[in-house]
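Numbered per the numbering used here, the sequence shown spans residues 4 to 470.
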Amino acid sequence: MNKNIKYLMDTVIENDYCIGCGACASVDDSPFEMRLDKNGKFRPVIKYELDCRTEPDVNSVCPFSNESKNETELGKELFKTHHPTFNENTGYYLKNFAGYVKEGKYRDKGSSGGMGSWIASQLLKLDLVDGIIHVKEKNDNSNLLFEYQVSSTLDELSSGAKSKYYPIELSKVMKFVKEKKGRYAIIGIPCFIKSVRLLAENDKVIKERIKYCIGLVCGHLKSDMFAKSMGWQLGIEPDNLSWIDFRVKLEDKAANDYGVEVEGTINGEKVKLSAPRKELYTTNWGQGLFKYNACEFCDDVLAETADVTVGDAWLPEYANDSDGTNVITVRNPDILQILEEGISAGKVYLDELTAERVYKSQAGGFRHRRDGLSYRLHLKDENNEWRPNKRVRASDKIDSNRKQVYKKRMQLSQESFNAFKIAEENQHFDSFIDYMNPNVEAYNKTINPPLIKRIVNKIKREIKKVI
């Protein structure tokens, strides 16, 4: 086995820091192919042994390899000619906004304000690209529900609207890009956009053909057990789930109080079922059930290498609007012009935001990926375990209670996979709940300590600030 492949397997893959993006399987002469593992997460596997003289550069394209560039380095190279502002949380940017689409049904069909699909549609309408690469419903008989596909018309694009909290990978669609001449924009979560940028640095065809990257604000990536768990709670057993809408807007509810809708079969009969998200056991994002381990070691919340990033505007003035509002960070002047023309034409409504307001819109994510990450890195270093280099420094200089929160979150994520397998063996979802309840209760006690302890912790934090 050549040294490049061995390094990637011994560090990133074997230590479970792989996000399953498929970048390593997208380079020329790669021996890797992407498959779902036993936990419902994509993983690269060796499909054949390479001639020892062949050394495809898989490490420089892996977002969690120590031999690839970080987001700040990539961002500087990508956007320096646009004279952007740099912020440690947003990365480079030209302007930030919060708002939604006023024209058409983009907002109705979107998870939030519809801005991601609208921006992609404008790239098509203005003939800036020939196709949009985004995640859509898989239309074959495989056991996967979603995959990356290419849409070249507005109707095709519309069918792929909304968030999909589901495992996906890039290698098949990158092969398509290299074989099919054209101009493309790709929509993806931060680590996937970073992977595309790294691939572009190593492959002139990809660099020439991927014209724009649209990033999505990300909490973390889910295993396919997440979708299966929600279907199962509504009565559809894991192997019988055929479709899911992760975010159904509920009228007169807060933006984060959405529903889930599933399709599948029960006793051979096709059914469509739904429930509010908060009524389902596995949908608390803070608990991080079925999370990829690599997500615990990511420090990019706002897809800093994307030309524009779109997410939910979790701010008080927008959070109660059930139709949804996006937060948008713009880094490319072409996208900024599209947005400003959209404002002038009355097609979109946008408020300009400061970088500080953008941070506050994703404050929980930033705490977990900055303060929490610093502590997780410290734990790895303390145990002399390999971990990826990050822009965040390893440290244990955080509140003792927060340390317990971060430890218990990791435990919840890891145990959720074990619990799901036990539930499958017992053929009943209640087994999952029985297994997880003690872990969830311990976590809840940690994030909601007694009043006296909260007061003491607050006093300690204030003293540290003064010091």
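The beta-carbon is built from N, C-alpha and C at its ideal position, and this holds for glycine as well.
Q: Run the CB neighbour count on residue 164, radius 10 Å, all protein chains shown included, and call it buried at 16 or more, exposed below.
A: buried
(Q) Does the structure place the region 394–411 close enough to the region 275–287 that three or more beta carbon pairs sit under 8 angstroms? (A) no
Q: Helix, strand or coil for residue 345, going by three-state DSSP, please let me know.
A: helix
**Q.** Delimiting residues of the beta strand (DSSP E) encompassing residue 90
**A.** 88–90
Q: Could you check what DSSP says for residue 78 in three-state terms: helix, strand or coil?
A: helix
Q) Exposed or buried, what is residue 291 when buried is set at 16 or more other beta-carbons lying within 10 Å of its beta-carbon? A) buried
Q: Would you mind reading off the limits of the alpha helix (DSSP H) that contains residue 207?
A: 207–212
(Q) Between which two residues does the alpha helix (DSSP H) holding residue 137 run? (A) Residue 137 -> not in any alpha helix (DSSP H); beta strand (DSSP E) instead, spanning 134–140.
Q. Nearest-angstrom Cα distance between residue 17 and residue 68?
A. 12 angstroms
Q: Taking the CB atoms as reference points, tell me whether residue 302 and residue 376 lie closer together than 8 angstroms.
A: yes
Q: Select from 143, 33, 381, 435 the residue whose C-alpha is nearest the C-alpha of residue 393.
A: 381
Q | Start and end residues, beta strand (DSSP E) containing residue 246 | A | 244–251
Q. Taking the alpha-carbon positions, what's the residue 238 to residue 423 distance?
A. 15 angstroms
**Q.** Of the listed residues 11, 451, 329, nearest to residue 105 (C-alpha basis)
**A.** 329
**Q.** Strand pairing of residue 329, partner residues [DSSP]
**A.** 102, 315
Q: Identify every residue that forms a DSSP beta bridge with residue 35.
A: 49
Q. CA-CA distance, residue 71 and residue 254?
A. 45 angstroms
**Q.** Beta carbon of residue 148 nearer than 8 angstroms to that of residue 124
**A.** no
(Q) Based on DSSP bridge pairs, tell me the residues matched to residue 150. (A) 139
**Q.** Local conformation of residue 401 per DSSP, three classes
**A.** coil
**Q.** Sufficient close CB pairs (3 or more, under 8 angstroms) joining the region 350–360 to the region 234–249
**A.** no
Q: Could you tell me whether the Cβ atoms of residue 110 and residue 102 are closer together than 8 angstroms?
A: no
Q: For residue 391, name the three-state secondary structure that DSSP assigns.
A: coil
Q: May I have the straight-line CA-CA distance separating residue 306 from residue 96, to the nearest angstrom?
A: 11 angstroms
**Q.** Where the beta strand (DSSP E) containing residue 277 begins and where it ends
**A.** 272–279
Q | Reference residue 166; option with closest CA among 92, 401, 248 | A | 248
Q) Does DSSP classify residue 22 as helix, strand or coil? A) coil
Q. From residue 337 to residue 135, what does the alpha carbon distance come to, in whole angstroms?
A. 16 angstroms
Q | Cβ-based burial, residue 271 [other Cβ within 10 Å; buried from 16] | A | exposed
Q: State the DSSP-derived secondary structure class of residue 268, mapped to helix, strand or coil.
A: strand
Q. How far does the alpha helix (DSSP H) with residue 444 in it reach, from first residue to last?
A. 433–450
Q. I think residue 412 touches residue 82, with their Cβ atoms under 8 angstroms apart; what is that distance to the nearest whole Å?
A. Not confirmed; about 33 angstroms, so no contact.
Q. Taking the alpha helix (DSSP H) that residue 180 falls in, what are its first and last residues?
A. 174–182
Q: Can you have a look at residue 308 and say buried or exposed, based on whether 16 or more other CB atoms are within 10 angstroms of its CB?
A: buried
Q.
Quick check: the region 185–197 against the region 128–146, are at least 3 beta-carbon pairs closer than 8 angstroms?
A. yes
Q) What separation, rounded to the nearest whole angstrom, lies between the Cα atoms of residue 113 and residue 229? A) 20 angstroms
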